[in-house]
Ligand code: NAD
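Numbering (the working numbering), first residue to last: 1 to 353.
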């Protein structure tokens, strides 16, 4: 397997280094893994004047999977929009046609007290959010800021074609089939035509999956229900912007944004794997970031791109083990547990593997 390693900015290089240690262990055991590193985001801009340099995109296209850290930082916020780090990320997702973003939210029992919700509300939580990633208001045209009637107006376009909804629906139903066979489609069909079409297509696709119980929920209610009673959900599917917001909210259910991996897949299960958090400039360079989301992203890489479920389980079990051993980076640290640095956490996982 060829892996393009794109550390990015801020804590990206620190956390990706821990995930690479895990891959190195597997390689030392005989797994045929090739890794090549390239800059993206602010690092891409610094190296080549482009948040997605041509050479990086070429490497990512040639790879079977991409492992990404995070992009962005305050030093890049004043750049012209097309040069900003986040544009590099949006572009690589689009260029590789990574339309299905899988974001699990799972609560490790030992971290129940790190969640901001009561333990009985979140303990046992095991939720998968499938977010459409290459359409919606983030990509719809026209977009811009212009002067109309003597004042500036900003505008974006929320747009989904039925084929875009259909393909993510199939991914979501497929995942729901392997989980609890309950799929909740989240939209805002009471107000938005775009959502009305989304809902219609979900119902059409559901006919191919009679075993899966499909339900529908408006996004405002879904936000409330995620906080009120998150265990009612098994698998959720939603559009790009609603999924962006809901999956960050869901991340807090599980204690820390530093615990949650993600996979973004194309039609052939080629994928980009990354933690759901950003580049955390406030703690960058301090060796204190939680690398577990990135390490768990490698587990997802084994599960979805390589279909090597045994290795995926092995990595996930190693993470469970270090948590049960009491190792904690500062974001999940509580009294009575052992505070470790980013690299020490990586070492602990390697030892557990
Ligand atoms: P963030 O996710 O970077 O940080 C939010 C908070 O969570 C911060 O307090 C941070 O210290 C903490 N945090 C994040 N990851 C952590 C980890 N692994 N361990 C411990 N603590 C962690 O979000 P933000 O502050 O809104 O954004 C910072 C930069 O990241 C911005 O430039 C933003 O555009 C970018 N960003 C990038 C991505 C991405 O690359 N996928 C996603 C979101 C934000």
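Beta carbons are placed, not taken as given, at the ideal position from N, Cα and C, and that holds for glycine.
Owing to the predicted nature of the structure, the values given are computational and were not obtained by experimental measurement.
Exposed unless 16 or more other CB atoms sit within 10 angstroms - verdict on residue i
i           : result
residue 9   : buried
residue 155 : exposed
residue 236 : buried
residue 113 : exposed
residue 334 : exposed
residue 224 : exposed
residue 41  : buried
residue 50  : buried
residue 324 : exposed
residue 38  : buried
residue 136 : buried
residue 195 : buried
residue 63  : buried
residue 193 : exposed
residue 119 : exposed
residue 286 : exposed
residue 191 : exposed
residue 255 : buried
residue 246 : buried
residue 186 : buried
residue 348 : buried
residue 36  : exposed
residue 264 : buried
residue 356 : Because residue 356 is not part of the residues shown, which for the chain are 1 to 353, the question remains open.
residue 142 : exposed
residue 150 : exposed
residue 61  : exposed
residue 85  : buried
For residue i, the residue or residues it bridges with in DSSP
i           : result
residue 236 : 129, 184
residue 2   : 34
residue 338 : 327
residue 8   : 70
residue 145 : 154
residue 100 : 132, 265
residue 105 : 127
Ranges of the alpha helix (DSSP H) found wholly within the segment 158-183, counting only runs of at least 4:
Counting only runs of 4 or more, we get 162-178.
Meets three-Cβ-pair contact criterion under 8 Å: the segment 3-20 and the segment 60-76
Contact annotation: the segment 3-20 touches the segment 60-76, with at least three C-beta pairs closer than 8 Å.
Pick out the complete beta strand (DSSP E) segments inside the segment 41-92, 3 residues or longer, and give them in chain order.
Given a length threshold of 3 residues, each whole run of the beta strand (DSSP E) inside the segment 41-92 is given here in chain order: 65-70.
Below 8 Å, can you find three or more Cβ-Cβ pairs linking the segment 292-302 to the segment 142-161?
The count of Cβ pairs closer than 8 Å, one atom from the segment 292-302 and one from the segment 142-161, stays below three, leaving the stretches out of contact.
With a floor of 3 residues, list each beta strand (DSSP E) that falls wholly inside the segment 201-285, ordered by position along the chain.
The qualifying runs are 213-218, 235-238, 261-265, 271-275.
Taking 8 Å as the threshold, find out whether the segment 96-109 comes into contact with the segment 122-140 through three or more Cβ pairs.
Touching, per the Cβ criterion.
Are the segment 317-333 and the segment 96-105 touching, with three or more C-beta to C-beta distances below 8 Å?
Segments in contact, no.
Using 8 Å as the Cβ pair cut-off and three pairs as the minimum, do the segment 202-209 and the segment 220-232 touch?
These segments do not touch.
Determine contact between the segment 131-139 and the segment 237-249, defined as no fewer than three beta-carbon pairs at a distance below 8 Å.
Cβ pair count under 8 Å is three or more, so yes.
Can we say the segment 287-295 touches the segment 19-30, given the rule of at least three CB pairs closer than 8 Å?
Yes, the segment 287-295 is in contact with the segment 19-30.
The segment 160-180 in contact with the segment 204-222 per 3-pair CB rule at 8 Å
Here the segment 160-180 makes contact with the segment 204-222; the two share three or more CB pairs at distances below 8 Å.
On the three-pair Cβ rule with 8 Å, is the segment 82-95 touching the segment 24-34?
Three or more Cβ pairs closer than 8 Å define a contact, and the segment 82-95 falls short of that threshold against the segment 24-34.
Should the segment 248-262 be regarded as contacting the segment 273-283, the criterion being three or more beta carbon pairs within less than 8 Å?
Yes: at least three Cβ pairs fall under 8 Å.
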